[in-house]
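Enquirer: Residue numbers (the numbering used here): 651 to 841. Glycine included, each C-beta is placed from N, C-alpha and C at the ideal position. A quick note: this is a predicted structure, and the numbers were derived from the prediction, not measured. Let me begin by handing over the structure; questions about it come next.
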């Protein structure tokens, strides 16, 4: 779900995309201004679509001078019960009319593959490329500059600083996420 997670802001809309979750019969998209709590009611619901366009927050037009945060939940309904199957990371987005801040346009990786022995470590080196180089990106109070996740922790784990540790022989993917949810994959082989 996170591998396909991407949040962009253009004009007066927030566009959200995410990866499909097997067995899900619906998705809920939650949006709030940074510094505010998420509403219990999702901003959008979809059934099979893995994208949504948000034009309002709490029933009002989006204030493009503010920053917002977004996450998506995959759900499955069984009789009268709704079960949460998966949840994306929270993406922190800068409004297009922000005078101080800008979003991350892409992530540059020093290497797209890592080979590490069982019990040994290797560090992922990532750099954020900004939409507007004259502005800065949001600070760590919103989210860390980069967040990391291993798709198979039985093969390799990754800490919050991007240090990958080999657990058992095999191949897995470690995802590097910018503050706005933009992702880049690193192939990890453990020998």
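Run through the DSSP bridge pairs and tell me what residue 695 is partnered with.
Expert: Here residue 695 is taken as the residue at index 45 of the chain shown, counted from 1. Answer by DSSP bridge pairing, in chain order: 678.
Enquirer: Spatial neighbours of residue 723 within its chain, please: CB distance less than 6 Å, with the 5 preceding and 5 following residues excluded, ordered by chain position.
Expert: The count along the chain shown starts at 1 and reaches residue 723 at position 73. Around residue 723: 678, 734 and 737.
Enquirer: Output yes or no for whether 7 Å exceeds the beta carbon distance between residue 657 and residue 830.
Expert: Your numbering for residue 657 matches position 7 in the chain shown. Your numbering for residue 830 matches position 180 in the chain shown. Yes. Within cutoff.
Enquirer: In terms of DSSP beta bridges, what is residue 742 paired with?
Expert: Position 92 of the chain shown holds residue 742. Bridge partners of residue 742: 719.
Enquirer: Just checking, does the stretch 763 to 772 make contact with the stretch 688 to 698 on the three C-beta pairs under 8 Å criterion?
Expert: Contact fails: fewer than three Cβ-Cβ distances are below 8 Å.
Enquirer: Is residue 755 near residue 779, with beta carbons less than 7 Å apart?
Expert: Here residue 755 refers to the residue found at position 105 of the chain shown. Here residue 779 refers to the residue found at position 129 of the chain shown. Going by C-beta atoms, residue 755 is nearer than 7 Å to residue 779.
Enquirer: Pop quiz: residue 814 and residue 774 are said to be a contact at Cβ under 8 Å. What is the actual Cβ separation, rounded to whole angstroms?
Expert: As a working mapping, residue 814 is identified with position 164 in the chain shown. As a working mapping, residue 774 is identified with position 124 in the chain shown. That pair is a contact at about 6 Å.
Enquirer: Could you have a look at residue 835 and say whether DSSP puts it in helix, strand or coil?
Expert: For the purposes of this step, residue 835 is taken as the residue at position 185 of the chain shown. Residue state, collapsed to three classes: strand.
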